[in-house]
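Structure first, then comments.
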Amino acid sequence: MTTPAPNNLVYDRPAGFTETPTHYCPGCTHGVAHRLVAEVLEEMGIIDKTIGVAPVGCAVFAYNYFDTDFVEAPHGRAPAMATGIKRVLPDRIVFTYQGDGDLASIGMGEIVHAAARGENLTVIFINNANYGMTGGQMAPTTLPGMKTTSSPNGRDVETQGFPIRMAEMLSTLDGVGYCVRRSLHDPKNIRLAKKAIRLAFETQARGLGFSMVELLSTCPTNWGMTPVESLKFVEENMVPAFPLGDYKVSEAIKQVKA
Amino acid sequence: MTTPAPNNLVYDRPAGFTETPTHYCPGCTHGVAHRLVAEVLEEMGIIDKTIGVAPVGCAVFAYNYFDTDFVEAPHGRAPAMATGIKRVLPDRIVFTYQGDGDLASIGMGEIVHAAARGENLTVIFINNANYGMTGGQMAPTTLPGMKTTSSPNGRDVETQGFPIRMAEMLSTLDGVGYCVRRSLHDPKNIRLAKKAIRLAFETQARGLGFSMVELLSTCPTNWGMTPVESLKFVEENMVPAFPLGDYKVSEAIKQVKA
Amino acid sequence: MQVKGWIEVSDQYCKGCELCIPACPQAVMELDMTRLTPKGYHPAHTFKDGCTGCAICAIVCPDAAITVYREVSKPVPVAA
Amino acid sequence: MQVKGWIEVSDQYCKGCELCIPACPQAVMELDMTRLTPKGYHPAHTFKDGCTGCAICAIVCPDAAITVYREVSKPVPVAA
Amino acid sequence: MTRELWKGNEAIAEAAVRAGLEAYFGYPITPQTEILEYLSRRMPELRRAFVQAESELGAINMVYGAACAGARVMSTSSSPGVSLMMEGLSYIAGTEVPAVLVNVMRGGPGLGNIAPAQGDYNQAVHGGGHGDYRNIVLAPASVQEAIDLTALSFDLAEKYRTICMIILDGSIGQMMEPAKMPEMRPVQRAHWDWATDGRMGKRERRILTSIYLDPIQEEKTNLRLLTRWKAIERNEVRYKEYFLDDAEYVIVGFGTAGRVALSAVRHAREQGIKVGLLRPITVNPFPVEAIEELVKRVDGFLVTEMNSGQMLDDVQRAVRGRAPVEFYGRVGGVIPMPEEILHEIQRMLSEPLSTAADPREEWHERMRGMR
Amino acid sequence: MTRELWKGNEAIAEAAVRAGLEAYFGYPITPQTEILEYLSRRMPELRRAFVQAESELGAINMVYGAACAGARVMSTSSSPGVSLMMEGLSYIAGTEVPAVLVNVMRGGPGLGNIAPAQGDYNQAVHGGGHGDYRNIVLAPASVQEAIDLTALSFDLAEKYRTICMIILDGSIGQMMEPAKMPEMRPVQRAHWDWATDGRMGKRERRILTSIYLDPIQEEKTNLRLLTRWKAIERNEVRYKEYFLDDAEYVIVGFGTAGRVALSAVRHAREQGIKVGLLRPITVNPFPVEAIEELVKRVDGFLVTEMNSGQMLDDVQRAVRGRAPVEFYGRVGGVIPMPEEILHEIQRMLSEPLSTAADPREEWHERMRGMR
Amino acid sequence: MQKEIIIAGFGGQGVLFSGQVLAYAAMDAGKEVTWIPSYGPEMRGGTANCTVIIADEEIGSPLVKNPKLAIALNLPSFDKYEELLAPGGTLIVNRSMVDRAARRTDINVAFVPCNEIAEEIGDKKLLNMVAVGALLTALPEISLNDVEKALEGHLPARHKHLLPKNYEALKRGFQAGQKIPA
Amino acid sequence: MQKEIIIAGFGGQGVLFSGQVLAYAAMDAGKEVTWIPSYGPEMRGGTANCTVIIADEEIGSPLVKNPKLAIALNLPSFDKYEELLAPGGTLIVNRSMVDRAARRTDINVAFVPCNEIAEEIGDKKLLNMVAVGALLTALPEISLNDVEKALEGHLPARHKHLLPKNYEALKRGFQAGQKIPA
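Respectively, the protein sequence lines represent chains A, B, C, D, E, F, G and H. The numbering of the first sequence is our numbering, which starts it at 32 and goes up by one. The numbering of the second sequence is our numbering, which starts it at 32 and goes up by one. The numbering of the third sequence is our numbering, which starts it at 5 and goes up by one. The numbering of the fourth sequence is our numbering, which starts it at 5 and goes up by one. The numbering of the fifth sequence is our numbering, which starts it at 2 and goes up by one. The numbering of the sixth sequence is our numbering, which starts it at 2 and goes up by one. The numbering of the seventh sequence is our numbering, which starts it at 128 and goes up by one. The numbering of the eighth sequence is our numbering, which starts it at 128 and goes up by one.
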């Protein structure tokens with residue numbers, strides 16, 4: 032951490048967090064993603080000038096957990112709201128935190144155009160392959176054959192289509208400065224995820240355009256698995272379908288050490 | 032033509048057309064695109080079972096020109112309407128005809144998801160780099176620096192973003208069976224465009240998923256050029272920004288001769 | 005010796021956009037400045053011999069205004 | 005000889021999700037079945053010596069419930 | 002037909018299936034998601050069309066397309082999702098094709114909450130999309146009524162080539178009651194003389210559009226829609242009366258607010274108070290003539306809603322100042338208890354009533370007093 | 002200030018700029034596109050925010066974001082585009098942040114046409130988004146009024162933390178009139194105690210949301226909104242009176258329908274007919290007390306609109322059957338001519354008037370007779 | 128006749144299902160009935176409850192402020208519904224989870240060790256059926272037999288083998304309920 | 128005082144601009160004025176028209192059915208507005224594009240060869256100013272000088288060099304207009 036720590040303190044709850052315990056189910060990696068964002072805001076010293084935009088979905092209450100200003104957007108519209116904020120407060124740091132139903136389904140138009148415009152925003156995209164809050168319906172990211180409450184016989188690609196790989200799709204747009212996919216299923220990948228989140232915020236801080244980190248995440252409750260089984264599912268089933276990697280990194284940001 | 036022609040007839044107005052003269056400005060290549068679609072419908076013998084979906088934009092009156100059933104969709108929603116029609120009439124041929132404001136701006140969510148679902152639809156996408164009907168405003172496809180009535184000093188990519196290459200973007204989706212870009216700026220390219228339109232409809236007829244042909248087109252009136260100058264502009268300025276080519280062609284369709 | 009062809013340009017559809025004129029390989033087309041269509045356009049026409057019925061004018065015509073004929077014995081597939 | 009460390013698990017935040025347990029390289033963590041947190045969870049704890057303060061448990065913790073210490077003289081950069 | 006215990010949302014879904022629903026397009030939103038989930042299993046097993054759309058905007062335009070093709074089609078959503086459908090609804094109305102939409106209402110405005118509310122009455126009945134159009138709005142108060150009105154909604158939509166909306170608060174969607182489910186009707190697409198289902202060698206081409214570039218033609222269209230609406234007003238008004246024969250006071254309430262009022266009316270009758278209940282089943286068209294009839298013989302009206310007085314406006318317009326109109330509402334997702342409405346009835350008996358007062362204002366004052 | 006000839010749409014754009022507009026988000030749609038085009042040049046030259054959004058849906062949510070940040074912000078659109086904003090408007094209302102929206106209305110429903118109409122009155126005043134909320138609606142009848150009300154709209158929106166809509170038919174957007182443009186006000190963001198503009202070391206964090214998961218809290222919010230609305234009703238009603246002092250008959254009309262009626266009133270006065278005009282400038286809040294005042298002394302009301310009788314409902318509710326109310330409207334993009342309204346005035350004088358008749362129904366019959 | 132019953136407890140104690148069993152029994156017995164779960168934010172808390180109303184005629188409000196009957200399977204529910212119960216009403220309390228005596232004297236409170244009885248029967252889960260059995264002592268409109276038929280008719284096939292123990296739980300609960308010092 | 132003027136012709140004949148010139152002149156002369164273009168589907172047809180209303184008091188309807196004054200720059204406009212003109216009104220007709228005589232006798236019709244006069248001046252485009260000049264003979268509220276000042280004040284800078292010819296066109300039109308057999 033950049034803040035001096037008592038001699039023997041190795042890790043402490045980040046200052047970017049409020050005291051409020053999260054409402055997430057035990058073992059849900061939303062909490063890990065939150066923590067990484069809070070750590071990065073603290074390490075970059077930007078908590079104070081950051082404005083978050085919460086989605087509709089499990090993260091609808093994200094505004095309770097970060098010690099920053101926050102607004103709550105209509106379902107899928109977070110990138111549009113963030114655009115409105117950033118355009119009138121260009122010196123602030125603005126980020127959206129969105130799930131796959133919110134970003135990849137109803138919010139497709141807003142995310143694609145925020146990226147195409149090269150809005151200086153950072154998007155944290157949680158891909159857990161289903162609509163968590165409403166009880167586990169099929170999302171655009173649901174894997175073929177995966178059972179959900181709205182694909183009870185498993186997602187049939189013939190009638191229900193194929194998963195959308197957002198990081199790959201958005202990387203075709205010139206307005207994008209940084210766009211990568213990471214996973215939260217083990218310590219190594221969590222470390223890589225944090226580095227990516229740091230670089231995404233650095234991209235915004237440097238005015239290098241739109242930045243997004245897609246994070247493969249778990250939904251133990253709706254998947255009907257234990258938290259530990261869920262991590263395994265991510266590693267064995269989601270990573271192959273949603274390859275981890277850097278899909279677009281602007282030259283300027285390649286120089287930055289995180 | 033598949034229909035027997037009088038001995039010395041080389042070319043005649045296609046039967047897929049009604050008698051109605053189009054409302055398009057002189058030299059606008061919308062007319063060429065219409066004609067190619069009409070020729071393909073006639074050659075495939077599917078006029079009778081085709082249902083078209085018109086957009087909002089210059090082609091809003093497309094329904095007057097084709098001798099098929101037609102509906103007129105809200106701005107950008109043609110792929111959703113077409114989905115509704117095709118799902119209840121799977122043995123019909125359903126196509127949308129959309130401009131860049133309609134498909135690439137307000138209709139982004141609908142087109143991406145129709146493609147991701149692999150809907151058996153054919154989309155004819157006219158890219159003329161501006162909103163024609165409302166008088167030439169900036170579109171998502173407007174070239175950097177290009178002057179329009181809503182980018183009076185030329186499109187500033189810093190504040191107004193970058194052109195979206197739809198064919199490339201949609202080709203990242205697994206539901207897409209056929210997705211290519213062609214141009215209408217000379218006879219050779221018009222021939223290639225017609226072949227592509229044929230293959231797009233063949234893709235649908237074979238149930239191979241979503242098919243789209245993006246056509247680089249002109250807007251002499253709003254560009255402030257003669258029709259002939261406009262073709263030159265397409266060749267010299269648009270083709271470099273929107274490379275022609277096959278972005279996705281499913282294996283099954285590669286076998287088809289058009 | 006090249007094939008002979010001819011075209012008919014429909015006054016109902018032609019808007020005098022001139023796209024066919026530079027496209028004609030034989031350079032035998034121009035606008036007929038002596039006539040106006042009912043819609044007030046000078047329609048395209050062939051102003052001299054040399055049309056081969058190649059139908060390129062029809063291929064580039066945005067208004068399907070041109071019908072193309074050729075002096076031949078067997079049906080010819082359409083060019084476009 | 006390996007460094008010695010220790011952790012504090014917050015009853016306020018721990019939900020007993022067990023993610024830290026298989027993650028611990030020293031395998032010194034488990035749920036404390038003798039206690040319930042105010043929210044009714046069995047919290048995680050170290051049930052034997054061997055903690056090196058590597059902070060991997062904190063890195064995988066979804067609830068930032070774990071504070072990690074180490075017997076050392078100079079500040080150590082956080083692992084994550 | 003035997004009675005079975007049905008949950009409101011699932012009952013609506015099954016009733017639509019039995020009415021011959023050919024295609025469903027929807028999107029998850031609490032508290033209507035069970036309808037989507039039920040049909041995600043039921044429709045495919047019957048080889049009928051089911052699509053979880055990318056959004057409510059997509060869903061209503063898929064409905065629009067399927068309706069143009071002549072199919073029996075439905076979408077369902079809840080308040081914020083329905084707001085996203087306003088453009089599509091206006092287009093469907095302007096194109097004169099039949100469609101059914103169910104709104105399982107929740108607390109608003111905005112994201113609000115997921116508790117039962119009736120705050121979308123005005124959107125459904127008066128406002129909503131742009132331009133001059135009206136659509137039928139049905140308001141069930143029980144699971145059985147939800148089943149019966151779902152079946153009816155398709156017939157009405159097709160008979161008048163109009164949108165038929167069903168509005169219910171979330172509690173009806175979530176509650177279970179014994180109900181009889183009608184027999185399965187076969188899916189057989191009527192051969193509409195307007196549907197764009199492909200010429201198929203049988204006929205000239207058809208066009209379905211909402212464009213009338215010439216204002217005179219658009220005016221003719223608007224008047225045609227109004228003429229049709231007049232027929233609906235004549236033929237389709239539905240309501241239920243309770244204890245009205247000798248009533249001196251009348252409660253007017255729809256949906257859950259109406260059935261809560263029924264309990265209050267029974268309590269009041271036990272106390273010898275001559276109060277009755279008029280429960281509109283069609284809130285659009287509104288039972289104006291029933292009110293007209295009551296105006297002649299009652300001493301006052303009490304409108305009860307789970308909103309801040311939306312149907313109240315329609316009651317006031319029908320009463321035209323000829324009798325006092327009072328209002329009691331709970332808003333934001335709160336369901337009133339029978340005791341509260343009984344208390345209002347008693348207040349009406351004890352206070353002088355005026356035809357000049359603004360009932361919403363007086364209610365608002367009382368509510369603020371409460372806090 | 003000297004008079005200049007301004008086109009309505011451009012006048013609104015420049016008036017907003019001079020009122021300190023910090024950010025504009027819009028999308029092209031006829032007949033309001035000139036506003037977008039004007040600001041695409043004007044805003045960047047002043048280094049203010051201009052974004053042509055991907056859609057009206059995007060635009061209203063950009064407005065929502067900028068409003069939360071405390072900026073003076075506006076969007077403009079026309080009927081179908083405004084229908085796409087209903088979800089966003091409900092959220093903005095529920096979050097209690099100020100925003101200005103201009104609707105240059107065209108013929109509908111659906112795609113309709115681009116001719117001037119007033120068919121979105123109900124959407125703006127009564128329905129629109131889901132849930133219980135109300136917003137101020139201003140209806141200019143001239144280019145000068147459009148300028149003045151645009152400037153006013155920002156002050157009202159901020160004073161009451163509410164949405165302020167300006168509705169005008171396309172003809173006002175397209176016409177030119179001499180008008181005085183106010184001086185340029187500097188852009189200076191007020192330091193709102195609610196805006197989420199970043200803590201910046203000065204304060205605790207702030208949250209802006211429309212969620213109130215506990216119905217009791219949502220009810221409190223609804224009642225707070227209603228309390229604020231009551232203040233608006235008390236303070237902000239605006240209207241213009243013409244020839245009312247000795248009027249025996251009153252025409253009520255807003256916007257272009259109102260100014261067309263003024264010509265008819267003048268013709269009638271030339272014929273010695275004692276008729277006047279009440280032209281609401283705020284159609285929400287509606288000038289109920291002005292109607293109340295007139296009810297006492299006039300023999301009848303004639304409501305004229307460019308729709309099928311939407312404000313008519315509000316006039317009827319205010320009149321409460323105490324005077325005859327007649328209606329004359331043209332719909333679908335047709336502007337009535339003064340002669341038509343004069344003819345209606347003459348008809349009112351020659352026919353027996355009833356308070357029981359349904360004015361819309363009678364008008365509809367007459368219109369069908371015409372065809 | 129109208130009887131209102133509220134059943135409340137922790138999620139996982141079978142609150143909603145036991146309410147449905149009563150609803151099925153009432154329906155099969157030819158009564159009007161409504162079942163409505165706690166709805167809205169409470170869903171997120173640890174406790175669940177549902178309201179069942181049984182009547183001879185069309186049922187008005189599906190919710191009541193002061194029910195005639197209630198089952199409290201845990202302490203928070205006991206605290207809440209002892210307050211709200213209508214005078215003269217009967218409250219079945221799961222003594223296994225409640226360590227205090229009743230405060231009100233104008234209602235009948237039956238303390239039944241539901242967990243213990245269920246464990247004696249050999250299935251912890253059946254504590255809810257024990258409570259339902261006890262409730263029936265105060266609900267003459269519904270007989271034990273009605274509830275057994277309802278279980279038989281509506282228990283998912285995969286649980287049919289549990290019927291005998293369910294019957295026993297009901298009976299044991301009914302017996303325990305009869306011992307109320309009324 | 129209120130005077131309504133409709134100016135109609137083909138697109139490209141300067142219909143809308145000539146209406147705006149009158150509007151500027153009226154405004155500068157301290158009058159109330161409205162200018163409204165033909166709006167709606169007609170825009171798509173070949174002909175354009177605009178309505179200008181000049182008055183001393185607040186103007187009501189910006190449109191009129193029967194204007195007192197009109198300029199018809201082509202035959203379709205002549206056909207349409209000869210019908211609609213208010214009795215006693217004056218209609219300026221561009222004889223260069225019209226080959227028939229007037230039908231009505233209750234209005235003044237002035238046939239002015241606008242194209243020829245404009246061509247004599249040396250700028251075909253000025254045919255609209257010729258017509259405006261002619262109209263002024265029937266619009267005493269606006270003087271030639273008012274219109275000249277309006278042109279001077281509102282003509283885009285890049286067209287200022289055309290002012291002299293515009294003035295001449297106005298004058299020639301005014302002279303031609305005065306020759307009306309009233």
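No residue lacks a Cβ here, since even glycine has one placed at the ideal position from N, Cα and C.
Next item on the list: Would you please verify whether the beta carbon of A:T33 is less than 7 Å from any beta carbon of chain D?
Entry: With a pLDDT of 39 at A:T33, under the threshold of 50, the modelled position of that residue is not reliable, and the figure given next carries that caveat. Using beta-carbon distances, A:T33 does not count as an interface residue toward chain D, since no partner is under 7 Å.
Note to self: Going by DSSP in three states, B:D100 sits in which element: helix, strand or coil?
What the structure shows: Strand, per DSSP.
Margin query: What does the alpha-carbon distance come out to for the pair E:L224 and F:L303?
Written below: Those two C-alpha atoms are separated by around 20 Å.
Note to self: Give me the chain B residues within the contact set of F:R42, using Cβ-Cβ distance strictly less than 7 Å, ordered along the chain.
What the structure shows: Residues of chain B passing the Cβ test: P183.
Next item on the list: Answer yes if the region 93-109 of chain B comes into contact with the region 266-273 of chain B, meaning at least three C-beta pairs across the two stretches below 8 Å, and no otherwise.
Entry: The count of Cβ pairs closer than 8 Å, one atom from the region 266-273 of chain B and one from the region 93-109 of chain B, stays below three, leaving the stretches out of contact.
Checklist line | Endpoints, the alpha helix (DSSP H) within which E:S78 is located | finding: Note, E:S78: premise wrong, no alpha helix (DSSP H); beta strand (DSSP E) at 74-78.
Notebook entry, point to check: Taking buried to mean at least 16 other C-beta atoms within 10 Å of its own C-beta, is B:S261 buried or exposed?
Noted result: Answer is buried; the Cβ neighbour count reaches 16.
Item checked: Chain-ordered residues of the region 262-275 of chain F with a beta carbon less than 9 Å from chain H -> Within the region 262-275 of chain F, the qualifying residues are A262, L263, S264, A265, V266, R267.
Check: In three-state DSSP terms, what is F:Q33?
Finding: In this structure, DSSP gives F:Q33 a state outside helix and strand, which the three-state scheme calls coil.
Notebook entry, point to check: Where does the unbroken beta strand (DSSP E) through F:H127 begin, and where does it stop?
Noted result: Taken as a continuous stretch (DSSP letters only), F:H127 belongs to no beta strand (DSSP E), as it is neither H nor E.
Notebook entry, point to check: Interface residues of chain B around A:A147 at Cβ under 7 Å?
Noted result: Neighbours of A:A147 on chain B, chain order: P171, G192, F193, I195.
Check: Run through DSSP, which three-state label would G:M128 get?
Finding: It is coil, neither helix nor strand.
Checklist line | C-alpha gap between H:R154 and C:S14, whole angstroms | finding: A quick correction: the sequence has Met, not Arg, at residue 154 of chain H. Distance between the alpha carbons of H:M154 and C:S14 is about 50 Å.
Check: In whole angstroms, what is the alpha-carbon distance linking B:L239 and A:H61?
Finding: Rounded to whole angstroms, B:L239 to A:H61 spans 38 Å at the Cα level.
Check: Of all the residues that make up the region 185-205 of chain H, which are near chain F by a beta-carbon distance shorter than 9 Å?
Finding: Cβ contacts with chain F: E185, I186, G187, S188, P189, L190, V191, K192, N193.
Notebook entry, point to check: How big is the Cα-Cα spacing for H:L211 and H:P194?
Noted result: Taking the straight line joining both Cα atoms gives about 7 Å.
Item checked: Interface flag, B:V143 vs chain A, CB-CB below 7 Å -> So, interface residue.
Notebook entry, point to check: Across which residues does DSSP place F:K241 in a beta bridge pair?
Noted result: Looking at the DSSP output, F:K241 bridges to F:R280.
Notebook entry, point to check: Which first and last residues belong to the beta strand (DSSP E) in which E:S211 is found?
Noted result: Here E:S211 belongs to no beta strand (DSSP E), and DSSP marks it neither H nor E.
Note to self: Could you check whether the Cβ of E:A14 sits closer than 7 Å to any Cβ belonging to chain B?
What the structure shows: Not one chain B Cβ lies under 7 Å of E:A14.
Item checked: Whole-angstrom distance between E:A125 and F:E219, CA atom to CA atom -> A direct Cα-to-Cα measurement between F:E219 and E:A125 gives close to 21 Å.
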